[in-house]
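Take a look at the structure below.
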Amino acid sequence: MSTELLALSVAEAAARIAAGEVSAEEYFEAWQGAAAGDELNAYLWSVEDAASYEVADGPLRGIPVAVKDIFCTEGSPTTAGSRILEGYRPPYTASAVRRLDEAGARVLGKTNMDEFAMGSSNENSAYGPVLNPWDRGRVPGGSSGGSAAVVAGGLAPCAIGTDTGGSIRQPASLCGIVGMKPTYGAISRYGMIAFASSLDQCGPLTRDVTDAALLLAAMEGRDGCDSTSVGIEGGIVAPSREDLTGLRFGVPSELAEDSVEKGVREVFERTLREIEGLGGEIVEVSLPHAEHGISAYYVIAPAEASSNLARYDGVRYGMRAPEAGDLIEMYEETRAEGFGDEVKRRIMLGTYALSSGYYEAYYGQAQKVRTKIAEDFAAAFSGCDFVVSPTSPSVAFELGAKTADPLEMYMNDFFTVPMPLAGIPAISIPAGLAEPDGGGPELPVGFQIAAPAFAEQGLLESAFALEQGIGFQASAASRLPWIGGGGDG
Amino acid sequence: MTGELSGILDHVDRISALDLEGVEPTSHVIELENVLRPDEPRPSWPREKILEPAPEPADGAFRVPSPQAE
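Which chain is which? The protein sequence lines are A and B, in order.
When we follow this note's numbering, the leftmost residue of the first sequence carries the number 103, and every step to the right adds one.
When we follow this note's numbering, the leftmost residue of the second sequence carries the number 82, and every step to the right adds one.
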């Protein structure tokens, strides 16, 4: 019975709970059991007693959600993957999580992540790396690696994460699930621990596109606690489109020059043919400044982070270095002990980029590149409805393969940083399996679709039609440990 | 770490070669209007709740080491 429950998508489970065929308690307990069997280091904390709780009567009634540990949850541990917040239990809950609660969902656990969301492999967590459920010798991607791994590994029915430069889409791609970064402002950032405030956005990680739409529908909206939140006009409904007739998908011409793995390229090309088979049209577009996205991003994000992370000083929350002589020493020792290497690296980069004499050359120039990237997308969308690319240049790589060279790790974000720089929404859906260059097991490949700002409904409709055409769902489910070989067709 | 930082700066330096004279910098991607709400007093959070996660709360405040070493 339990296995049957776990095989349901969120949409199916919610429908059965609403119809009274399955009890919310029974469903939650089944997932609690699954979460307790985490061997991927994907959870940093999960709920222990499910005995008695009241769930709201909404569209997600009884649905357990795994929440990236960057969202504050009242009374339960919230570390952002950092030692500096070890033991912190926030006095309040993030608005995105509160909205899920109000829709009837309930937090199942908090997921591991790169420290303060800085990373593309989850190897920057102070609590150890998350393992990819497809191959435990490989990374799940990052920074929302725990959220991607729990969904792909059958430890949660759905999850939420945050995306600053690709932190939802890239791990979704590497774990063979759906991950969506909504338009900046679609979901409130209140209670979401800040990394780079002008880029950070919350979004869903799910088994399929329909489930992503359900979570987005519950979370989006204006919030009095975040003045930059505006919501999505008209809201979000479950997608139902069956074909792509009349829609144009733009492939950036700059793509050809890049170091994309052979297998990833093959799956990408095959997906373009699938789009044509569904009636869509493939057109060429140009994003001439996208190649500077990495440079602009790795100035803007560290600059904003260096400002945001100044709040961790050992005074109001989190850890404090013991036995410091005076106040300054306490600040210094707390940060030296509390922050990991990547966080220190970015704070130094950021403060340098913002320092007098360098501000114009770095931060000012990066903000101008940002304008050019947004203009590139606007021009592209005048000739197409969506811009498509691989989500990640490679399939999941081996643990430790890229930790020696931070820049090489940053290049993973090549296809995902331009969208947050432009503020637009994008989704990654599993498109197939491919071997890594140089051989190895077949691993998931993500296909990224980007849309104009606030065009989430259209984006979900197209992703849904394409998802049905690709038919990856069944093969993903067939890999889940409690289902075994056959799959459910 | 010095070498790593130099490598990253060398890479990001590529944007300094771009001629972006006259381009408006983007600090916020979505057009926003000022958000106002009625200026009505609301209860704030209880002091104890905010002090609870502090490493060293004392006398209803945050205790810190002396600003000057003795």
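Glycine is no exception: its CB is placed at the ideal position from the N, C-alpha and C atoms.
None of these values were measured; they are calculated from a predicted model.
{"Asked": "For Asp216(A) and Leu456(A), the rounded distance between their alpha carbons", "Found": "24 Å"}
{"Asked": "When Ile551(A), Ala533(A) and Pro522(A) are compared against Ser108(B), the one with the closest alpha-carbon", "Found": "Pro522(A)"}
{"Asked": "Contacts around Thr308(A), its chain only, beta-carbon distance under 7 Å, and the 5 residues preceding and following it disregarded", "Found": "Val112, Val253, Cys260, Ile279, Val280, Ala314 and Leu317"}
{"Asked": "Three CB pairs or more closer than 8 Å across the region 216 to 226 of chain A and the region 117 to 130 of chain A", "Found": "no"}
{"Asked": "Outcome for Glu344(A) when other beta-carbon atoms lying within 10 angstroms are tallied against a minimum of 16", "Found": "exposed"}
{"Asked": "Which listed residue (Gly293(A), Phe566(A), Asp443(A) and Ser184(A)) has its alpha carbon closest to that of Pro193(A)", "Found": "Gly293(A)"}
{"Asked": "Residue range of the unbroken alpha helix (DSSP H) whose run includes Trp236(A)", "Found": "From DSSP, Trp236(A) is part of no alpha helix (DSSP H); its letter is neither H nor E."}
{"Asked": "3 or more residues per run - each beta strand (DSSP E) lying fully within the region 322 to 366 of chain A", "Found": "350 to 354"}
{"Asked": "Candidates Gly573(A), Pro306(A) and Gly239(A), of which the one nearest Gly268(A) by Cα", "Found": "Pro306(A)"}
{"Asked": "Through-space distance from Val369(A) to Leu535(A), alpha-carbon basis", "Found": "7 Å"}
{"Asked": "The region 415 to 423 of chain A contacting the region 178 to 193 of chain A, beta-carbon criterion three pairs below 8 Å", "Found": "yes"}
{"Asked": "Cys173(A) versus Val199(A): straight-line alpha-carbon distance, rounded", "Found": "Correcting the residue identity first, residue 173(A) is Phe in this sequence and not Cys. Approximately 8 Å, taken between the alpha carbons."}
{"Asked": "Against chain B: residues of the region 451 to 468 of chain A by CB proximity under 9 Å", "Found": "Leu451, Tyr454, Ala455, Ala463, Tyr464, Tyr465, Gly466, Gln467 and Ala468"}
{"Asked": "Proximal chain B residues relative to Ser329(A), where beta-carbon distance stays under 7 Å", "Found": "Val116"}
{"Asked": "Short CB-CB distance (under 8 Å) between Pro193(A) and chain B", "Found": "yes"}
{"Asked": "Interface flag, Pro508(A) vs chain B, CB-CB below 8 Å", "Found": "yes"}
{"Asked": "Cβ contact (3+ pairs, closer than 8 Å) linking the region 393 to 408 of chain A and the region 83 to 101 of chain B", "Found": "yes"}
{"Asked": "Environment of Gly541(A) [buried if 16+ CB atoms lie within 10 Å]", "Found": "exposed"}
{"Asked": "Cβ of Thr473(A) within 8 Å of any chain B Cβ", "Found": "yes"}
{"Asked": "Cβ shell of Asp487(A) (< 6 Å), same chain only, five flanking positions each side left out", "Found": "Leu349 and Arg350"}
{"Asked": "For Glu439(A), three-class secondary structure by DSSP", "Found": "helix"}
{"Asked": "Environment of Gly87(B) [buried if 16+ CB atoms lie within 10 Å]", "Found": "Reading off the sequence, residue 87(B) comes out as Ser, not Gly. Classification of Ser87(B): exposed, given that the 10 Å Cβ count is below 16."}
{"Asked": "For Phe479(A), the three-state DSSP class (helix, strand or coil)", "Found": "helix"}
{"Asked": "Buried versus exposed call for Gly287(A) [16 or more other C-beta atoms within 10 Å across all chains shown]", "Found": "buried"}
{"Asked": "Under the three-state DSSP convention, the category Ser96(A) falls into", "Found": "Summary: the structure shown does not reach residue 96(A), with chain A confined to residues 103 through 591, and so no result is reported for it."}
{"Asked": "Separation of Pro166(A) from Ala258(A), as counted between CA atoms", "Found": "7 Å"}
{"Asked": "Proximal residues of chain A, C-beta to C-beta of Ser97(B) below 7 Å", "Found": "Ala463 and Gln467"}
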